[in-house]
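**Q**
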Amino acid sequence: MIFIVLGTHELPFKRLLEQIELQIKSGQIEEEVIVQSGHTSFKTKNMKMIPFMSYKEMEEMYDKANLIITHGGTGSITTGIKIGKKMIAVPRLKKYGEHNDDHQLEIVGQFFESGHILQWNEAQEFNEVLQQVRTFEPKPFESGRVKILSILEEFIDDHA
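Quick look at the structure:
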C-alpha cells in the first residue's frame, strides 16, 4: 500500500494527486493508494481519499505502507523517518497556491541531502523517482538525544 500524506494546511495540493493519478493510469503504480487529503478535494476512483485521520489512524497507515509520499511538512516526514520507511517528499509551492511561502523546499532538501528521503521536483518525471525508490535505502534516523548521549559517553570514556 502507498500512503499519501497531504497534511492539514488549508490550501489545496492537487499537483501531487494529479501526478499519482497519472502513474496509476500508466501502470507505474499498481498497488492500493490511500490518501490523507486534508483540505484538498480531488475526484478519483483510483485512490481512497480520507480528509482527516486521528493520530492513531495515521500511525497505523504509516506502519502498513510500503511507501509514503508526503508533502514537505516536518512532522509528516519525521514520522516516517523514525520508523525507517521509504519516503518521497514533494514540497508545497507558493507559485501554485499550495502554501504561503516556499519553506518546504528547504525542509525537503535538508532531509534529502541527509539521505533520509527521496524528493520530487518538476525537473524530473515522477516515474523516475518511483524507479529510484525501489533500490533506495533510507539512512536510519538518529535522534538528537541519542547523539548527545553518545558524545557525552565518549567524552567521559576519554577522560576517565
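Numbered according to the working numbering, the sequence shown spans residues 118 to 277.
Cβ coordinates follow ideal geometry from the N, Cα and C atoms, glycine included.
Bear in mind the structure is a predicted one, so any value in this text is a computation, not a measurement.
Helix, strand or coil, according to DSSP, for T187 in the structure here?
**A** Here T187 sits in strand by DSSP.
**Q** Can you tell me whether DSSP reads K212 as helix, strand or coil?
**A** Three-state DSSP puts K212 in a helix.
**Q** So, helix, strand or coil for M170, using DSSP?
**A** Three-state result, M170: coil.
**Q** Since G120 is in the alpha helix (DSSP H), which residue starts that stretch and which ends it?
**A** Per the sequence presented here, residue 120 reads as Phe, with Gly not at that position. Counting along the chain, F120 falls outside any alpha helix (DSSP H), though it belongs to the beta strand (DSSP E) covering 119-122.
**Q** Across which residues does DSSP place K165 in a beta bridge pair?
**A** Answer by DSSP bridge pairing, in chain order: I151.
**Q** Whose C-beta lies closer than 6 Å to the C-beta of Y152 among residues of the same chain, with five residues either side of it excluded?
**A** First, the amino acid is wrong: residue 152 is Val here, not Tyr. Once the five neighbours on either side are set aside, the close Cβ partners of V152 are I121, M164, M166.
**Q** Within the same chain, show all residues whose beta-carbon is closer than 8 Å to that of E191, passing over the 5 residues directly before and after it, in chain order.
**A** The question names Glu, but residue 191 is Thr in the sequence shown. Only I224 meet the Cβ criterion.
**Q** For L128, does the three-state DSSP call read helix, strand or coil?
**A** Coil.
**Q** Evaluate I205 with the Cβ neighbour count: other Cβ atoms within 10 Å of its Cβ, from every protein chain shown; 16 or more gives buried, anything less gives exposed.
**A** Counting Cβ neighbours within 10 Å, I205 comes out buried, since at least 16 surround it.
**Q** State the Cα-Cα distance for the pair I185 and E270, rounded to the nearest angstrom.
**A** Those two C-alpha atoms are separated by around 35 Å.
**Q** On the DSSP bridge assignment, give the partners of I268 in chain order.
**A** Paired residues: none, contrary to the question.
**Q** Could you tell me whether the region 144-161 touches the region 249-260, using the rule of 3 or more Cβ pairs below 8 Å?
**A** The region 144-161 vs the region 249-260: no contact.
**Q** Suppose you measure from the CA of F159 to the CA of H220; what does that come to, to the nearest Å?
**A** So the two alpha carbons sit approximately 25 Å from each other.
**Q** For M178, is the classification buried or exposed, using 16 other Cβ atoms within 10 angstroms of its Cβ as the cut-off for buried?
**A** Classification of M178: buried, given that the 10 Å Cβ count is 16 or more.
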